[in-house]
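Student: Let me give you the structure first, and then I'll get to my questions.
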Amino acid sequence: MAGDNPLAEFFGEHLKELRNRVLIVFVAIALLSAVAYIFIESIAFFFMAPIFRAAPDLSHLVYTHLTEAFISYLKLAVLTGLAGSFPVLCYEVWMFISPGLVRREKQIAALVTLLASALFVAGGAFAYFVALPRILAFLMAFSGPQLEPLPRLDLYLTFVARTILAFGLAFEIPFLMVASQRTGLVHGRYFREKRWLSYAAMLMLAFLLTAGEVVGALLLAVPLVLLFETGVLLSRLVGAKS
Numbered sequence: 733m734a735g736d737n738p739l740a741e742f743f744g745e746h747l748k749e750l751r752n753r754v755l756i757v758f759v760a761i762a763l764l765s766a767v768a769y770i771f772i773e774s775i776a777f778f779f780m781a782p783i784f785r786a787a788p789d790l791s792h793l794v795y796t797h798l799t800e801a802f803i804s805y806l807k808l809a810v811l812t813g814l815a816g817s818f819p820v821l822c823y824e825v826w827m828f829i830s831p832g833l834v835r836r837e838k839q840i841a842a843l844v845t846l847l848a849s850a851l852f853v854a855g856g857a858f859a860y861f862v863a864l865p866r867i868l869a870f871l872m873a874f875s876g877p878q879l880e881p882l883p884r885l886d887l888y889l890t891f892v893a894r895t896i897l898a899f900g901l902a903f904e905i906p907f908l909m910v911a912s913q914r915t916g917l918v919h920g921r922y923f924r925e926k927r928w929l930s931y932a933a934m935l936m937l938a939f940l941l942t943a944g945e946v947v948g949a950l951l952l953a954v955p956l957v958l959l960f961e962t963g964v965l966l967s968r969l970v971g972a973k974s
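In the numbering used here, the protein residues as written are 733 to 974.
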């Protein structure tokens with residue numbers, strides 16, 4: 733009987749709470765995705781704006797399958813819903829773990845969540861306002877009398893979403909470096925001693941995240957190096973204080 737086993741009852745209550753909080757997150761994603769689909773044309777234009785600015789002569793994108801536009805808009809709405817529900821996810825995770833934390837741990841967890849979110853948003857903003865215009869301008873420059881660019885809606889939106897996600901994740905590097913030192917996974921000197929190896933790894937990572945697109949990889953590699961050096965500095969400061 734569960735009532736005769738305190739441990740089973742304890743885990744049962746936590747599993748029930750976890751299920752409820754996961755359900756809340758899924759409901760938030762569904763609702764925000766539905767709202768996003770109502771305004772999907774405005775959202776799609778926001779994502780299309782970089783290519784129209786990079787190629788002023790381009791007036792529209794194309795789709796080659798009957799269902800492509802609908803599926804593309806649907807995927808974009810879900811992605812928007814996922815991004816919009818991130819605060820809900822953070823809140824539900826926080827409410828699930830906070831009862832087991834002491835006051836200082838709660839403060840640290842809240843700061844970590846805020847910092848990680850801010851870095852991801854900063855990376856996405858850098859991709860949209862700085863990297864994408866330059867990448868798209870380079871790619872569209874190949875057009876000419878014998879080459880007419882006809883970007884497909886689905887492929888273009890996938891490319892933009894992947895680029896923004898790649899930069900957002902890449903901007904988490906300083907946070908991950910400090911976290912790995914604070915948790916004892918590595919010593920602060922490790923990052924300084926492996927600097928050149930890390931540079932090579934970041935260049936390879938940039939090519940992987942941008943699917944081998946040269947300009948995009950270089951535009952990502954530069955902030956990756958700067959972020960790595962920021963992480964080295966922060967790791968040194970954190971190590972000195974601890």
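Heads up, the beta-carbon is just placed ideally off N, CA and C, and yes, glycines get one too.
Could you check the C-alpha separation between L965 and A933 for me, to the nearest Å?
Tutor: One-based indexing of the sequence shown puts residue 965 at position 233. One-based indexing of the sequence shown puts residue 933 at position 201. Cα to Cα, the separation comes out at about 19 Å.
Student: For T799 and S817, I'd like the C-alpha separation in whole angstroms.
Tutor: The sequence position of residue 799 within the sequence shown is 67, counting from 1. The sequence position of residue 817 within the sequence shown is 85, counting from 1. Cα-Cα distance, rounded: 27 Å.
Student: Reducing DSSP to helix, strand and coil, say where L879 ends up.
Tutor: As a first step, residue 879 must be located in the sequence shown, where it is residue number 147. When DSSP states are grouped into helix, strand and coil, L879 belongs to the strand group.
Student: Per DSSP, what are the beta-bridge partners of R884 in this structure?
Tutor: For this step, residue 884 is matched to residue 152 along the sequence shown. BP columns for R884 point to V794.
Student: From which residue to which residue does the alpha helix (DSSP H) around Y860 run?
Tutor: Translated into the one-based positions of the sequence shown, residue 860 becomes position 128. No alpha helix (DSSP H) contains Y860, which DSSP labels as neither H nor E.
Student: In this structure, how does DSSP classify L868 when only helix, strand and coil are distinguished?
Tutor: Here residue 868 refers to the residue found at position 136 of the sequence shown. Correct three-state label for L868: helix.
Student: Alpha carbon to alpha carbon, what distance is there between L889 and L864?
Tutor: Counting from 1 along the sequence shown, the entry for residue 864 is found at position 132. Counting from 1 along the sequence shown, the entry for residue 889 is found at position 157. So the two alpha carbons sit approximately 12 Å from each other.
Student: Indicate the three-state DSSP secondary structure (helix, strand or coil) for M733 in the structure shown.
Tutor: For the purposes of this step, residue 733 is identified with residue 1 of the sequence shown, where counting begins at 1. The pLDDT assigned to M733 is 47, lower than 50, so where the model puts this residue is not dependable; a value taken from the coordinates is nonetheless given after this. Coil at M733, not helix or strand.
Student: Report all residues from its chain with a CB closer than 6 Å to the CB of V892; omit the five preceding and five following residues, and keep chain order.
Tutor: Numbered from 1 along the sequence shown, position 160 holds the residue referred to as residue 892. Closer than 6 Å at Cβ, skipping near neighbours: F779.
Student: State the Cα-Cα distance for the pair I896 and D886, rounded to the nearest angstrom.
Tutor: For the purposes of this step, residue 896 is taken as the residue at position 164 of the sequence shown. For the purposes of this step, residue 886 is taken as the residue at position 154 of the sequence shown. Each residue's Cα considered, the two are about 16 Å apart.
Student: What is the rounded straight-line gap between the Cα of A859 and the Cα of P881?
Tutor: Locating residue 859 in the sequence shown gives position 127, counting from the first residue. Locating residue 881 in the sequence shown gives position 149, counting from the first residue. If you take the alpha carbons of A859 and P881, they lie about 22 Å apart.
Student: If you compare alpha carbons, which of V862, Q839 and Y769 is closest to A786?
Tutor: The residue labelled residue 786 in the question sits at position 54 within the sequence shown. Closest by alpha carbon: V862.
Student: Please state the DSSP three-state secondary structure of E745.
Tutor: As a first step, residue 745 is located in the sequence shown; it is residue number 13 there, counting from the start. E745 falls in the helix class under three-state DSSP.
Student: Pop quiz: T845 and W826 are said to be a contact at Cβ under 8 Å. What is the actual Cβ separation, rounded to whole angstroms?
Tutor: Translated into positions along the sequence shown, residue 845 becomes position 113. Translated into positions along the sequence shown, residue 826 becomes position 94. At roughly 7 Å, the Cβ-Cβ gap stays under 8 Å, so T845 and W826 are in contact.
Student: Please report the residue range of the alpha helix (DSSP H) in which F903 lies.
Tutor: The count along the sequence shown starts at 1 and reaches residue 903 at position 171. Bounds of any alpha helix (DSSP H) do not take in F903, whose DSSP letter is neither H nor E.
Student: Do you know whose CA, among F899, R884, S875 and R836, lies nearest A850's CA?
Tutor: Reading the sequence shown from its first residue, position 118 is the one you call residue 850. Considering only alpha carbons, the answer is F899.
Student: For A762, count neighbouring C-beta atoms within 10 Å of its own C-beta (all shown protein chains included) and say buried if the count is 16 or more, exposed if not.
Tutor: Taking the sequence shown and counting its residues from 1, one reaches residue 762 at position 30. Its Cβ having fewer than 16 others within 10 Å, A762 is exposed.
Student: What are the boundary residues of the alpha helix (DSSP H) that A809 is part of?
Tutor: Here residue 809 refers to the residue found at position 77 of the sequence shown. Its alpha helix (DSSP H) spans residues E800 to G816.
Student: Roughly how many angstroms separate the alpha carbons of G856 and E741, rounded to a whole number?
Tutor: Walking along the sequence shown from the start, residue 856 turns up at place 124. Walking along the sequence shown from the start, residue 741 turns up at place 9. C-alpha separation (whole angstroms): 43 Å.
Student: Run the CB neighbour count on S930, radius 10 Å, all protein chains shown included, and call it buried at 16 or more, exposed below.
Tutor: Sequence index remark: in the sequence shown, residue 930 carries index 198 (1-based). By the 10 Å Cβ count, S930 comes out buried.
Student: How would you call A760, buried or exposed, if buried means at least 16 neighbouring beta carbons within 10 angstroms?
Tutor: Position 28 of the sequence shown holds residue 760. A760 is buried by the Cβ-count criterion.
Student: Return the CA-CA distance between S791 and F784, expressed in angstroms with no decimal places.
Tutor: Mapped onto the sequence shown, residue 791 falls at position 59. Mapped onto the sequence shown, residue 784 falls at position 52. Their Cα atoms are separated by approximately 7 Å.
Student: In the structure shown, what three-state DSSP assignment does P788 receive?
Tutor: To locate residue 788, count along the sequence shown from 1; it is residue 56. If DSSP states are grouped into helix, strand and coil, P788 belongs with coil.
Student: Between the alpha carbons of M733 and Y823, how many angstroms are there, rounded?
Tutor: As a position in the sequence shown, residue 733 is number 1, starting the count at 1. As a position in the sequence shown, residue 823 is number 91, starting the count at 1. The predicted model places M733 with a pLDDT of 47, which falls under 50 and marks its position as unreliable, so this point remains unresolved.
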